[in-house]
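**Q** Residue 177 in the numbering used here sits at position 177 of the sequence shown; the count goes up by one each step and never skips.
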Amino acid sequence: MTIAPDVPAGIRPTADAALAAPKGKPKNLGQIIRWLLLFIGGIIMIMPIVYMISTSLKWPHEVYNVNLIPEEPTLENYLYVLEDGRFYWWFVNSLIIAVVTTICNLLFDSLVGYTLCKFRFPGRQLVFIAILSTLMIPTEMLVIPWYLMSQSFGWLDSYWGIMFPGLMTAFGTFLMKQFFESVPDDFIEAARIDGLNEFQIWWTVAMPLVKPALAALAIFVFLGNWTAFLWPLIVTNSVDMYTIPVGLSGFGDEVDVAWELIMTGAAISTIPTLIVFLIFQRFIIRGVVMAGLKG
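(1) Quick check: what's the CA-CA separation for M176 versus Y64?
(2) Using the Cβ count rule (16 or more neighbours within 10 Å means buried), how would you classify I188?
(3) Using only CA atoms, which one of M207, F222, T227 and G250 lies nearest to G113?
(4) If I measure Cβ to Cβ from V143 and keep anything under 8 angstroms in the same chain, skipping five residues before and after, which residues do I get?
(5) Hey, how far is the Cα of W203 from the Cα of G247?
(6) State the Cα-Cα distance for the pair Y242 and E198, rounded to the nearest angstrom.
(7) Would you kindly work out how many angstroms separate the C-alpha atoms of S269 and F283, rounded to a whole number?
(8) If you follow the alpha helix (DSSP H) that R124 is in, where does it begin and where does it stop?
(9) Would you call M163 buried or exposed, if buried means 16 or more other Cβ atoms sit within 10 Å of its Cβ?
(10) Nearest by alpha-carbon distance to I131: which of S238, I96, T102 and G172 is it?
(11) Considering only residues of the same chain and omitting the five flanking positions on each side of I201, which have a CB-CB separation below 8 angstroms?
(12) Mapping DSSP to helix, strand and coil, what is E305?
(13) Quick one: using the 10 Å Cβ neighbour count with 16 as the cut-off for buried, is S238 buried or exposed?
(14) Does W35 pass the burial test, meaning 16 or more other C-beta atoms within 10 Å, or should it be called exposed?
(15) If you drop the 5 nearest sequence neighbours on each side, which residues of the same chain put their C-beta closer than 7 angstroms to that of M52?
(16) For a test of the three-state rule: what should DSSP assign to Y64, helix, strand or coil?
(17) Can you tell which of A218, P245 and P272 has the C-alpha that lies nearest to the C-alpha of L106?
(18) Under three-state DSSP, which class holds V183?
(19) Give the C-beta separation of W90 and I244 to the nearest angstrom, bearing in mind that I take them to be a contact with Cβ-Cβ under 8 angstroms.
(20) With the cut-off set at 8 angstroms, would you say C104 and M45 are in Cβ contact?
(21) How many Å lie between P48 and D109 at the Cα?
(22) Our contact map puts L196 next to N77 with C-beta atoms below 8 angstroms; I'd like the distance itself, whole angstroms only.
(23) Put G24 into one of helix, strand or coil per three-state DSSP.
(24) Assuming L95 contacts P272 (C-beta within less than 8 angstroms), just tell me the rounded distance between them.
(25) Establish whether the CB of D157 and some CB of chain B are separated by less than 8 angstroms.
(26) To the nearest angstrom, report how far apart W160 and E71 are at their CA atoms.
(27) Reducing DSSP to helix, strand and coil, say where E76 ends up.
(28) For S249, I'd like the list of residues in its chain whose CB is within less than 8 angstroms of its CB, leaving aside the five on either flank, ordered along the chain.
(29) With burial defined as no fewer than 16 other Cβ atoms inside 10 Å of the residue's Cβ, what is the status of I97: buried or exposed?
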């Protein structure tokens, strides 16, 4: 049996041992703090949604009760809103406008971004700067030209009148151009050698490589058009052409600010946005992971 020699009292542990010992605790403490902050932030962000759903399940006399759990939960508010034919048309109008606008943005923004990224022609940078400069123009300044244009072409109170300002965006063009920069030019040249035309190269070679950007753009555009209020309010006249935000604003006045009904309509209107996010989030996460691996 080997007996370990006694360590003299004057000899201290080596510097490496002294540094290695306390490493675990600060690291674990830092992780706990980060997770705690994320948890608190998540609670703060989700509380309005929880309160909205809670209010939608309350009777009118319970609305101003701040309890998150209703004393007498009811689905009467949902039945009342869904039986209102106007809400159905508002929902359909918002869905048509958001879907069509999203598809157009994915096509047009990616085409322009691909052209500005992979083609060399005089004035290319000038065109790109001109597109980006439109981001600095407030929407309120564009409302009057949009309205005059819609009036002259007979687009007032129509789907086309609501959609045409957002069929293509400067932000989407910038986003797609930046992602197309990551597509190797060798792939493009190889496709040209194989006899593909430029449209086929864009669709079959470049587009599959920028799916994360397409997913992010789809979410932004869909949410932006689904929640748009100012322009649809100005360009529409008939109640049947209202979108959900415009319809709910007037609906709240009609029912004498019945918050339980307004919250019910808002809760139903969030369903498509959640579906879109759940569909496209995996592409965004995949893009973030691939970007990290490339870095």
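We put the CB at the ideal spot given by N, CA and C, even for glycine. None of the values given here were measured: they were computed from a predicted structure.
**A** Walking through what the data contain:
(1) 46 angstroms
(2) buried
(3) M207
(4) L230, W231 and I234
(5) 38 angstroms
(6) 40 angstroms
(7) 24 angstroms
(8) R124 to S133
(9) buried
(10) G172
(11) I188, A191 and R192
(12) This structure leaves residue 305 out entirely; the chain is present only between 1 and 295.
(13) Under this definition S238 is an exposed residue.
(14) exposed
(15) M263, A266 and A267
(16) Y64 sits in coil when the DSSP states are folded into three classes, being neither helix nor strand.
(17) A218
(18) The answer is coil: DSSP assigns V183 none of H, G, I, E or B.
(19) 5 angstroms
(20) no
(21) 33 angstroms
(22) Not quite, the Cβ-Cβ distance comes to about 56 angstroms (not below 8 angstroms), so this is no contact.
(23) Bear in mind that a pLDDT of 47 at G24, under 50, signals an unreliable position, so the model cannot answer this.
(24) Cβ-Cβ separation between L95 and P272: approximately 6 angstroms, consistent with a contact (criterion under 8 angstroms).
(25) Here there is only one protein chain, and chain B is not present.
(26) 46 angstroms
(27) helix
(28) F229 and L233
(29) buried
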